[in-house]
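Novice: This note's numbering puts the first residue of the sequence shown at 3, with every later residue one more than the last.
Beta carbons are placed, not taken as given, at the ideal position from N, Cα and C, and that holds for glycine.
One structure, pasted below without further comment.
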Amino acid sequence: MALIDIKVPDIGDFDEVTVIEILVKPGDTVKADQSLLTVESDKASMEIPSSHGGVVKELRVKLDDKVKQGSVVLVLEAEADVSAAPAPSAASPAQPPPVAQAAAVAAPVAVASAAAATVPPALEVPAHEPTAVSGQLPHASPSVRKSAREIGVPLAEVKGSGPKGRITLDDVQSFAKSVMAGDVRTQAQTAKVPAGSGGSGGDGAALGLLPWPKVDFAKFGPIERKEMSRIKKISGANLLRNAIMIPAVTNHDDADITDLEAFRVSTNKENEKSGVKVTMLAFLIKACVATLKKYPEFNSSLDGDAIVYKNYWHIGFAADTPNGLMVPVIRDADQKGVLQLSQEMGELAKKARDGKLSSAEMSGATFTISSLGGIGGKYFLPIINAPEVAIMGVSKSTMEPVWDGKQFVPRLMLPMSLTWDHRVIDGAAAARFNAYLGQILGDFRRVLL
Ligand code: COA
């Protein structure tokens, strides 16, 4: 048994490379050719394989160390007569011959990188597939590992579909897609965003973001600290996920509701005694259902690579409550008239404010409307309520001069902001959705078409 130093071999044009991954630890038994560590230059990353089989006695490098040709990376107790050890199989033309006795040098294995074209030929040796070390490292080729590192995919959580369970690039990409779609949570996400944690950007580290600024506010003036309500914590965590994970776009438009508002006022006069007051939101729900029927992708959800179209129209509406935002759901809104919708909305909004909504009354929505019309403002960017793929935000209507082709006439205009998931919906469809919704609100008879 001989102790040999494993050194960084000829690494082509690079003076120094950085250790980015250490694949073994003292006590591990390694085979000849097995990758020991990954080093990276600004152009490529390379795996340093062992020139001999044996037991790792001592690591001489740590992550982020800079090493160069000849640096000793570890000490190996060679398992057999060192002079009989096999030459590294991934030898490049520029590789020096393996050195016997106490100074073995292994050939690096180049890993494909974005800048592969600039990698000197000496590094362009066939990538070999490292086998798992001590059963702990995922079985994946160097290029797949590099891609996973770049995307931020934890390889240990990816199921390999290749030979002997090897993780392929497709596996890594599918995993990333599932995380983005919210179908899968990485262990880091699960650990860092416990259910109900609003977290001041608590998951930033998992996303590679800067840590949330820690400021001693009391240094600048008097403060008062209050725990967030449970609802705010839950909705905060959901909003954060939806805001980050959905490639969302918002289209703004205006609808002329002059005639509809006149109809609403007269309807309320007629129904004064019933105790049910009709607000613009009830008409909006009805008009949105008609528009969702015409453009069904807005009433869908993503399920992996499939789009699930729903043949029911349950509409959620954002309700402002003393404890925070809640979204009660009106079921089968397509089967209900405006008066019934108004009545149910009133009841659900009261329950929400009293904290008495059941989870069933908040689930199953296919599309959500958020109305700030009773409060004020002009346009805002609503956040999609996943797994829905679109949300309509309406603001306060105002009288505006509108050109009718001959003159400006005063019209009551409703600002609408439609946010949609670009994975499912395209901008043209969103513009059509708003235009059609505007036509219905402009002439409500169209809801019958
Ligand atoms: N333009 C002008 N006025 C409007 C309007 C609009 N788009 N929408 C409503 N109004 C008026 C109503 O007609 C009513 O007027 P009135 O009292 O003179 O009759 C007044 O504003 C208040 O309406 P409101 O009680 O808010 O009823 P609503 O049906 O419009 O809304 C809720 C019901 C529950 C949705 C609403 O109370 C609420 O909570 N809105 C906030 C939603 C929210 O926070 N969204 C943001 C999420 S990020």
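#1: Since L414 contacts V396 with CB under 8 Å, what's their CB separation in whole angstroms?
#2: Excluding the 5 residues preceding and the 5 following R434 in the sequence, name in chain order all residues of the same chain whose CB lies nearer than 8 Å to its CB.
#3: Select from L341, P324, D336 the residue whose C-alpha is nearest the C-alpha of K358.
#4: Using a Cβ-Cβ cutoff of less than 6 Å, which residues in the same chain neighbour I332 once the five nearest sequence positions on both sides are dropped?
#5: Any contact between the stretch 336-344 and the stretch 282-291? By contact I mean 3 or more CB pairs, one from each, below 8 Å.
#6: From E299 to S180, what does the alpha carbon distance come to, in whole angstroms?
#7: Take S302 and list the residues in its own chain whose beta-carbon comes closer than 7 Å to its own, dropping the five residues that flank it on each side.
#8: Could you pull the DSSP bridge partners for F319 from this structure?
#9: May I ask which residues mark the beginning and end of the alpha helix (DSSP H) holding E81?
#10: Determine the burial state of F410: buried for a count of at least 16 other Cβ atoms within 10 Å of its Cβ, exposed for fewer.
#11: Report the start-end ranges of each beta strand (DSSP E) in the stretch 322-362 that is 3 residues or longer and not cut off at the edges.
#12: Once the 5 residues before and after K353 are set aside, which same chain residues still bring their CB inside 8 Å of it?
#13: For the ligand COA, is there any heavy atom lying closer than 7 Å to the beta carbon of K398?
#14: Counting only the same chain and skipping the five closest in sequence on each side, list residues whose C-beta sits under 6 Å from that of D445.
#15: Could you spell out the range, first to last residue, of the alpha helix (DSSP H) harbouring D261?
#16: For T421, name the three-state secondary structure that DSSP assigns.
#17: Looking at C-beta atoms only, is the number of pairs between the stretch 218-230 and the stretch 399-409 that lie closer than 8 Å three or more?
#18: Helix or strand or just coil, what does DSSP make of N253?
#19: Kindly indicate which residue of N387, N270, D334 has the alpha-carbon position closest to the one of T281.
#20: If you reduce the DSSP assignment to three classes, tell me which class K70 lands in.
#21: Could you give the distance in angstroms between the alpha-carbon of I8 and the alpha-carbon of K68?
#22: Enumerate in chain order the residues of its own chain whose CB-to-CB distance from E79 is below 7 Å, with the five nearest sequence positions on each side excluded.
#23: Is any heavy atom of the ligand COA found at a distance shorter than 7 Å from the C-beta of D40?
#24: For the beta strand (DSSP E) containing A208, list its first residue and its last residue.
#25: Report whether the distance from the Cβ of G339 to the nearest heavy atom of the ligand COA is below 7 Å.
#26: Mind checking which residues open and close the beta strand (DSSP E) that includes A308?
#27: Within the continuous alpha helix (DSSP H) that includes S149, where are the two ends?
#28: On the DSSP bridge assignment, give the partners of S302 in chain order.
#29: Which residue from G326, S372, R447, S73 puts its Cα closest to that of T421?
#30: Kindly indicate the opening and closing residues of the alpha helix (DSSP H) around T293.
#31: On the criterion of 16 or more Cβ atoms from any shown chain inside 10 Å, does T400 qualify as buried, or is it exposed?
#32: Which class does E23 belong to by DSSP, given the choice of helix, strand or coil?
#33: Just how far apart, CA to CA, sit H424 and A292?
#34: Beta carbon of M282: closer than 7 Å to some heavy atom of the ligand SAH?
#35: Would you call P140 buried or exposed, if buried means 16 or more other Cβ atoms sit within 10 Å of its Cβ?
#36: Excluding the 5 residues preceding and the 5 following F319 in the sequence, name in chain order all residues of the same chain whose CB lies nearer than 6 Å to its CB.
Specialist: Working from what's here:
#1: Rounded, the Cβ-Cβ distance is 13 Å, inconsistent with contact.
#2: Y297
#3: P324
#4: I317, E346
#5: yes
#6: 20 Å
#7: I309, V310, Y311, K312, V391, V426
#8: I371
#9: Taken as a continuous stretch (DSSP letters only), E81 belongs to no alpha helix (DSSP H), as it is neither H nor E.
#10: exposed
#11: 326-328
#12: P330, L359, E363
#13: yes
#14: none
#15: 260-272
#16: strand
#17: no
#18: strand
#19: N270
#20: coil
#21: 16 Å
#22: M3, L5, G56, V57, K59
#23: Before going further, note that residue 40 is Thr rather than Asp in the sequence given. No, the Cβ of T40 stays beyond 7 Å of every heavy atom of the ligand COA.
#24: That residue, A208, is in no beta strand (DSSP E); it is neither H nor E in DSSP.
#25: no
#26: 308-311
#27: 144-153
#28: Y311
#29: S372
#30: 282-296
#31: exposed
#32: strand
#33: 22 Å
#34: Annotation note on the ligand SAH: not contained in the displayed structure, which lists the ligand COA as its ligands.
#35: buried
#36: I371
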